[in-house]
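*Asks:* Which chain is which? The protein sequence lines are A and B, in order. The first sequence begins at 6 in the working numbering and counts up by one. The second sequence begins at 29 in the working numbering and counts up by one. All C-beta atoms in this analysis are idealised placements derived from N, C-alpha and C, irrespective of residue type, glycine included. Structure in structure tokens, see below.
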Amino acid sequence: RKEVEQDPGPFNVPEGATVAFNCTYSNSASQSFFWYRQDCRKEPKLLMSVYSSGNEDGRFTAQLNRASQYISLLIRDSKLSDSATYLCVVNTDSGGSNYKLTFGKGTLLTVNP
Amino acid sequence: EADIYQTPRYLVIGTGKKITLECSQTMGHDKMYWYQQDPGMELHLIHYSYGVNSTEKGDLSSESTVSRIRTEHFPLTLESARPSHTSQYLCASSGSIMGLGEAFFGQGTRLTVV
């Protein structure tokens, strides 16, 4: 089982749609969680951290379920500018208080007019 | 805005040449990473470092080598470039207290070996 698995995508949605991305992680020692966004031919950039209580930033909502080892990202009222690849990222203790970031493969979202 | 820099941004070089891709960060981050990414494909971790004099190989086997002599600097070297090394190389850093550090990426180096 891969350390971080995401919906394979791609997702094609109309403007204004609500879209949800799912991600599972295999290591129960994982400590922190993030969603990144990567535009075509650009570097990944942090979209939001994911907290145990869930968190919201405008149209974006992130949820974490530690028992199920599952992370989600919900985008409401999607815009053309939301078109990008969304990466699930997990920070895991690899021993000796050293933490390693593991990226999922990413899910491509295309929002159509 | 992240303070992590990669040079060069673009490099076209002949087969057999030795190359070094530079990566520097001014955030005092202890952890640094090198990823390789082909267009439209996933990120592959090729090297990482937890601090000075610490380097580890990543999940994807790579013929490149790295060094971490200073906290802020994490160069990647290819002794003899080949066309199969053509790719984008992304450097990242993260700071962590209690393991909660997100990664910041440089803008990447697009390497083409001809």
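Listed in chain order, which residues of the segment 48 to 76 of chain A have Cβ atoms closer than 9 Å to some Cβ of chain B?
*Replies:* Answer set for the segment 48 to 76 of chain A: E48, P49, K50, L51, S54.
*Asks:* Could you tell me whether the segment 76 to 83 of chain B touches the segment 128 to 135 of chain B, using the rule of 3 or more Cβ pairs below 8 Å?
*Replies:* At 8 Å Cβ cutoff, the stretches do not touch.
*Asks:* N96 (chain A): buried (16+ other C-beta within 10 angstroms of its C-beta) or exposed?
*Replies:* The residue is buried, with at least 16 neighbouring Cβ atoms inside 10 Å.
*Asks:* Could you pull the DSSP bridge partners for I41 (chain B) from this structure?
*Replies:* Looking at the DSSP assignment, I41 (chain B) forms a beta bridge with B:V141.
*Asks:* Taking 8 Å as the threshold, find out whether the segment 48 to 66 of chain B comes into contact with the segment 30 to 40 of chain B through three or more Cβ pairs.
*Replies:* Verdict: yes, contact present.
*Asks:* Could you tell me which chain A residues have their CB closer than 9 Å to the CB of Q135 (chain B), listed as they occur along the chain?
*Replies:* Correct list: K47, E48.
*Asks:* With DSSP as the reference, label D98 (chain A) as helix, strand or coil.
*Replies:* D98 (chain A) falls in the strand class under three-state DSSP.
*Asks:* How should L88 (chain B) be labelled, buried or exposed, when 16 other C-beta atoms within 10 angstroms of its C-beta is the threshold for buried?
*Replies:* Exposed: under 16 other Cβ atoms inside 10 Å.
*Asks:* Let's see if you can read the secondary structure: which residues bound the beta strand (DSSP E) around D66 (chain B)?
*Replies:* Careful: D66 (chain B) lies outside any beta strand (DSSP E) and carries neither H nor E.
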